[in-house]
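A.B. asks: Below you will find the structure I want to go over with you.
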Amino acid sequence: MKLLYTVYYKLQSRCEIALRTKHSKQDLYKFYTLPDEVRSAIFELGGITRVFNEQTQIFNESSILIRNCMLELVGYLKSMTNFDRPSPRFVLYGEHGVGKSMALVYALQYAHENNYLLVHIPWVLRWFAYPKEVSHSLTKEGMVDLNIDAAMWLRHFQKQNTKWLEDPRLTTSQEYVWSPREKSEANIPLAALIEHGITRVKYASDVVDVLFTEIKKLSTEGVCRTFVCVDGYNSFFAEKTNCKPEDKSKVLPSRVTLTRSVINLVQSDWNNGAIVLALSPRANLPDRRESHLPLYMLKKAGFESIDPFVPIHVPELNDEEFHNLLNLYESKKWLQTSEGREEIAFLTKRVPQKMYEFCSFK
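Using the UniProt record's numbering, the first residue of the sequence shown is number 1, and each one after it goes up by one.
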């Protein structure tokens with residue numbers, strides 16, 4: 001029985017096509033390997049889940065299952081032909097652990113292959129749950145800055161867009177004054193603006209805000225085509241955060257400058273791009289995880305901030321996906337037996353993360 005499963009896995013569950021652009025319905029439910037060079041270029045500083053990182057180290061291979069929700073999202077991106085219209089928004093939703101973040105990984109690879117400028121926020125909750133430093137904003141009254149987190153994100157953006165930042169057309173449109181003694185002249189490269197935010201950390205939040213504004217202008221003018229990707233977008237509308245400035249005052253996400261910057265970025269008031277957002281029950285407080293539906297996750301304010309959008313449901317694994325994943329585990333000796341698949345399906349509800357954790361003890 002084990003030999004049959006292994007043969008089936010080798011013959012039927014592998015996709016040899018590397019480019020996301022060329023994947024089709026015939027590749028559904030198969031695994032493809034995330035190239036090391038792509039992983040280094042896009043995800044070195046964030047965007048890969050803990051489970052996938054562990055699995056890659058254990059299996060010595062970055063295997064990703066091609067699912068219908070991934071092809072659906074990329075299909076929408078492929079069908080975009082009129083980039084003079086406002087950038088469309090797509091929202092991934094589903095239960096915790098079903099694979100929304102991996103669908104974002106897939107979409108980001110597609111955007112990278114098709115020469116999009118990437119604006120990727122790997123996990124919003126990290127800003128609010130584990131802020132590195134919290135300080136009152138010097139430029140926006142009543143707001144607070146997360147400058148170290150902002151500077152770290154600027155490095156992530158810099159790493160993902162190395163080639164784009166060498167383009168001489170990507171320059172600022174105006175002068176920006178950071179303090180009475182410091183300013184950035186108009187028409188400087190975006191690379192210099194980003195470096196300023198990284199080296200002068202106390203201005204990092206303001207630099208992120210300016211960067212988003214400039215990217216929207218450049219994209220609308222046709223200089224670049226922009227792909228915005230945010231994981232855990234509903235965190236921006238939570239009831240509290242762990243952000244505590246010097247005066248220990250209560251800080252809601254709406255008082256954080258990065259929140260305002262990102263919400264402004266995902267508005268459909270700019271062209272020549274696409275916006276993909278993922279909602280996660282884990283990005284909500286523990287007492288607001290009863291449903292994974294967008295209106296519940298975002299509440300009225302969050303829903304209205306991105307309406308209209310195209311919803312894409314990320315479900316639990318279907319039969320073929322479920323068995324192909326277990327075939328992979330068996331081929332890698334992560335699962336020692338072919339027996340008990342019905343039990344695994346019942347106990348894990350075919351949620352990929354639960355399956356990984358359950359099989360780690362079998």
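No residue lacks a Cβ here, since even glycine has one placed at the ideal position from N, Cα and C.
Would the beta-carbon of residue 351 fall within 8 Å of that of residue 316?
C.D. replies: To locate residue 351, count along the sequence shown from 1; it is residue 351. To locate residue 316, count along the sequence shown from 1; it is residue 316. A contact, by the Cβ cut-off of 8 Å.
A.B. asks: Leaving aside the five residues before and after residue 273 along the sequence, list all residues of the same chain whose C-beta is less than 7 Å from its C-beta, in chain order.
C.D. replies: For the purposes of this step, residue 273 is taken as residue 273 along the sequence shown, with counting starting at 1. Answer for residue 273: 87, 219, 225, 226, 227 and 228, listed in chain order.
A.B. asks: Kindly indicate which three-state DSSP category residue 145 falls into: helix, strand or coil?
C.D. replies: Locating residue 145 in the sequence shown gives position 145, counting from the first residue. Residue 145 falls in the strand class under three-state DSSP.
A.B. asks: Provide the residue span of the beta strand (DSSP E) that contains residue 182, from first to last.
C.D. replies: Residue numbering aside, residue 182 sits at position 182 when the sequence shown is read from its first letter. Note, residue 182: beta strand (DSSP E), 182-184.
A.B. asks: With 16 as the cutoff for other CB atoms within 10 Å, does residue 257 come out buried or exposed?
C.D. replies: Taking the first residue of the sequence shown as position 1, residue 257 is located at position 257. The residue in question, residue 257, is buried, as its Cβ has 16 or more Cβ neighbours within 10 Å.
A.B. asks: Could you tell me which residues DSSP puts in a beta bridge with residue 251?
C.D. replies: Sequence index remark: in the sequence shown, residue 251 carries index 251 (1-based). Residue 251 is not bridged to any residue.
A.B. asks: Quick one: measure Cβ to Cβ for residue 95 and residue 323, integer angstroms, because I've assumed they're closer than 8 Å.
C.D. replies: On the sequence shown, residue 95 is found 95 positions in, with the first residue counted as 1. On the sequence shown, residue 323 is found 323 positions in, with the first residue counted as 1. Wrong, their Cβ atoms sit about 20 Å apart, outside the cutoff.
A.B. asks: So, under 8 Å CB-CB, residue 108 and residue 46 are touching, yes? Tell me the CB distance rounded to an integer number of Å.
C.D. replies: Indexing the sequence shown from 1 puts residue 108 at position 108. Indexing the sequence shown from 1 puts residue 46 at position 46. Contact doesn't hold; Cβ gap of about 11 Å is too wide.
A.B. asks: Helix, strand or coil: which one does DSSP assign to residue 208?
C.D. replies: Within the sequence shown, numbered from 1, the residue matching residue 208 stands at position 208. Helix at residue 208.
A.B. asks: Let me know the beta strand (DSSP E) ranges lying completely inside the region 91-142, each 3 residues or longer, listed in chain order.
C.D. replies: Whole beta strand (DSSP E) segments, 3+ residues: 117-121.
A.B. asks: Have a look at residue 282 and residue 358 and give me their C-alpha separation to the nearest angstrom.
C.D. replies: In the sequence shown, counting from the first residue as 1, residue 282 sits at position 282. In the sequence shown, counting from the first residue as 1, residue 358 sits at position 358. Roughly 19 Å between the two C-alpha positions.
A.B. asks: Given this structure, state the Cα-to-Cα distance separating residue 34 from residue 56, to the nearest angstrom.
C.D. replies: Within the sequence shown, residue 34 is the residue found at index 34, counting from 1. Within the sequence shown, residue 56 is the residue found at index 56, counting from 1. Spanning the two alpha carbons is a distance of roughly 10 Å.
A.B. asks: Out of 138, 99 and 39, state which residue places its alpha-carbon closest to the alpha-carbon of residue 313.
C.D. replies: Working through the sequence shown from its first residue, we reach residue 313 at position 313. Looking at the Cα atoms, 99 is the closest of the given residues.
A.B. asks: Can you tell me whether DSSP reads residue 178 as helix, strand or coil?
C.D. replies: Counted from its first residue, the sequence shown places residue 178 at position 178. Note: residue 178 maps to strand in three-state DSSP.
A.B. asks: If we count the other Cβ atoms within 10 Å of its Cβ and call it buried at 16 or more, is residue 2 buried or exposed?
C.D. replies: If you number the sequence shown from 1, residue 2 lands on position 2. Confidence at residue 2 is low in this model, with a pLDDT of 43, below 50, so its placement is unreliable and the value that follows should be read with caution. Exposed, because fewer than 16 other Cβ atoms sit within 10 Å of the Cβ of residue 2.
A.B. asks: Under three-state DSSP, which class holds residue 243?
C.D. replies: As a working mapping, residue 243 is identified with position 243 in the sequence shown. Correct three-state label for residue 243: coil.
A.B. asks: Closer than 7 Å by C-beta to residue 370: which residues in its own chain qualify, once you throw out the five before and the five after it? Chain order, please.
C.D. replies: Missing from the structure shown is residue 370; the chain here goes from 1 to 362 and no further.
A.B. asks: Report the start-end ranges of each alpha helix (DSSP H) in the region 322-353 that is 4 residues or longer and not cut off at the edges.
C.D. replies: Here the runs fully enclosed are 341-348.
A.B. asks: Within a Cβ cutoff of 7 Å, which residues of the same chain sit near residue 136, ignoring the five residues on either side of it in sequence?
C.D. replies: In the sequence shown, counting from the first residue as 1, residue 136 sits at position 136. Closer than 7 Å at the Cβ level, and outside the excluded window around residue 136, lie 144 and 245.
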